[in-house]
Amino acid sequence: MFIRLELRGELSRSMIYWSPIFAVILSFIAGTIMFTMLGVDPVAAIRTFFIDPLTTLDGFAELFVKATPLVLIAVGLSFGFQANVWNIGAEGQLTIGALAGGGIALAFFNVDSPLLLPGMIIAGVLGGMAWAAIPAFLKTKYDTNEILTSLMLTYVGLLVLSYLIHGPWKDPEGQNFPESRLFHEAAVIPIILEETRLHLGWVMALFGVVLAWLIITRHIIGFQIRVIGMAPMAASFAGFKEKHIIWLTLTLSGGAAGLAGVIEVAGPIGQIVPVISPGYGFTAIIVAFLGRLHPLGCLLAGLLMALTYLGGENAQIELNLPNAVTGVFQGMLLFFLLASDVLVRYRIRFGASKATTVKEGA
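Residue numbering for the sequence shown follows my numbering, beginning at 80 and increasing consecutively.
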């Protein structure tokens, strides 16, 4: 008896978009089993994890705050993934973007100017783009695998952060804690909903979704990205420059990650600290695929993944569950999404092994 996967002749477009929903449902079921094995009431755990954070206005505001970097990074990554350009180093690009923008805030610490925050945002975007340009250069010049280079640069970026925050950028009045000065009021992103932490960065994320949708569906660049990803030979025959698309998609995703980084340090954090992101750059990869590499899908998936962060924090407080529960939920979601995608593209075939067939024939 053997089991094999057989490629389907034609993919069902409806199933392609339904499979993320199936993955979410299966993750809920698996989560219920996990909570039961941990000795926790699964109904109470699911309610604490996914419902309780959304019962107040402040909870909704926090959801949008958490979703802002996820949506921005996922939308940027989706451009490259559609062109088969695999930027796995968004976490490092977020870190460098935060350092670039935060460095401007520290350099002009005593300057109260309305141009300070826009300058920080521009510096953050350019910082992320510059960090992503390294794997782009290595890919186009030496055909180096961008997965490896972008991923390894993430840890270089974290080491740069550690050096600066323990050295020249450490707050001289911070009692030797590894953190920078608190940013000046002019260097902090404005709050758009009073008595919450919801800031203007969420509006930037929504604008990014709309802009990405226009580019990918209405602009020649988006058409070239899709064609290069689906049919590289046809794209080459049409005269599309693959190296140009590699540069464009990597720097675009790096800029989006850098923007997310500077929004974090100028928004909820308000300074540079040793841990800027709890892994947004990696989680955004799940968000991008859960959202089917579509800007609107990335927005919805970003909200869902942000809810797992909020639910994990709530579960730690209410149910005394470990922080790892958040990562487990995200991992299960990715696993079931990949499994669903396999079944969308392949059908399972059962049959007798060759030895059994020969024996029966004899």
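No residue lacks a Cβ here, since even glycine has one placed at the ideal position from N, Cα and C.
Cβ shell of residue 142 (< 8 Å), same chain only, five flanking positions each side left out
132, 133, 382, 385, 386 and 389
Give the DSSP-derived three-state secondary structure of residue 392 in the structure shown.
helix
Consult DSSP for residue 126 and reduce its assignment to one of helix, strand or coil.
helix
Should the segment 340 to 358 be called in touch with the segment 180 to 193, which here means at least 3 C-beta pairs below 8 Å?
yes
Measure the beta-carbon distance from residue 408 to residue 106 and round it to whole angstroms, keeping in mind my assumption that it falls under 8 Å.
7 Å
Whole-angstrom C-beta distance between residue 219 and residue 320, which should lie under 8 Å:
The Cβ separation is near 10 Å, so there is no contact.
What does the Cβ neighbour count give for residue 401, buried or exposed, with the cut at 16 atoms within 10 Å?
exposed
May I ask you to list the residues that DSSP assigns as paired with residue 82?
429
Which same chain residues end up closer than 7 Å to residue 331 when comparing Cβ atoms and leaving out the 5 residues on each side of it in sequence?
155 and 158
When burial is assigned at 16 or more other CB atoms within 10 Å of the CB, is residue 88 buried or exposed?
exposed
To the nearest whole angstrom, what separates the beta carbons of residue 101 and residue 372, a pair I think is in contact under 8 Å?
Residue 101 to residue 372, Cβ: 18 Å. No contact.
Sorted by chain position, which residues of the same chain lie with C-beta nearer than 6 Å to residue 311's C-beta, five sequence neighbours on each side aside?
none
Determine the burial state of residue 98: buried for a count of at least 16 other Cβ atoms within 10 Å of its Cβ, exposed for fewer.
buried
Comparing alpha-carbon positions, which option in 410, 327 and 317 lies nearest residue 216?
327
So, helix, strand or coil for residue 270, using DSSP?
strand
Below 8 Å between beta carbons: does that hold for residue 200 and residue 329?
no
Confirm, please, whether the CB-CB distance from residue 124 to residue 317 is below 8 Å.
no
Within a Cβ cutoff of 7 Å, which residues of the same chain sit near residue 236, ignoring the five residues on either side of it in sequence?
171, 174, 175 and 210
Using only alpha-carbon positions, find the residue among 405, 202, 365 and 396 that is nearest to residue 416.
365
CA-CA distance, residue 436 and residue 428?
The predicted model places residue 436 with a pLDDT of 49, which falls under 50 and marks its position as unreliable; any figure quoted below should be read in that light. In a straight line, the C-alpha of residue 436 is about 16 Å away from that of residue 428.
Kindly list the residues whose CB is nearer than 8 Å to the CB of residue 193, restricted to its own chain and excluding five residues on each side of it in sequence; keep chain order.
265
Where does residue 278 sit, in a helix, a strand or coil, going by DSSP?
strand
Check whether the Cβ atoms of residue 303 and residue 313 sit closer than 8 Å, and answer yes or no.
no
Express the C-alpha separation of residue 278 and residue 30 in angstroms, rounding to a whole number.
Residue numbering for the chain in the displayed model covers 80 to 441; residue 30 lies beyond these limits and cannot be assessed.
Give me the Cα-Cα distance between residue 94 and residue 81, rounded to the nearest whole angstrom.
26 Å
Whole angstroms are fine: how far does the CA of residue 343 sit from the CA of residue 83?
47 Å
Rounded straight-line distance, which links the Cα of residue 254 to that of residue 148
30 Å
I think residue 207 touches residue 333, with their Cβ atoms under 8 Å apart; what is that distance to the nearest whole Å?
4 Å
When we look at the beta-carbon of residue 359 and count the other beta-carbons within 10 Å, is it buried (16 or more) or exposed?
buried
Would you kindly work out how many angstroms separate the C-alpha atoms of residue 165 and residue 288, rounded to a whole number?
20 Å
Less than 8 Å between the CB atoms is what I'm expecting for residue 229 and residue 325, so what's the real figure, rounded?
Their Cβ separation, rounded to whole angstroms, is 12 Å, which puts residue 229 and residue 325 out of contact at 8 Å.
Measuring only the C-alpha atoms, how far is residue 213 from residue 298?
26 Å
Here's a check: name, in chain order, each residue in its chain whose Cβ is nearer than 7 Å to the Cβ of residue 280, leaving out the five neighbours to either side.
147, 268, 342 and 346
Drop a sphere of 10 angstroms on the beta-carbon of residue 251, count the other beta-carbons inside from all chains shown, and report buried for 16 or more, exposed for fewer.
exposed
Enclosing alpha helix (DSSP H) for residue 140 [first to last residue]
136 to 161
Considering residue 218, what are the terminal residues of the alpha helix (DSSP H) in which it resides?
195 to 221
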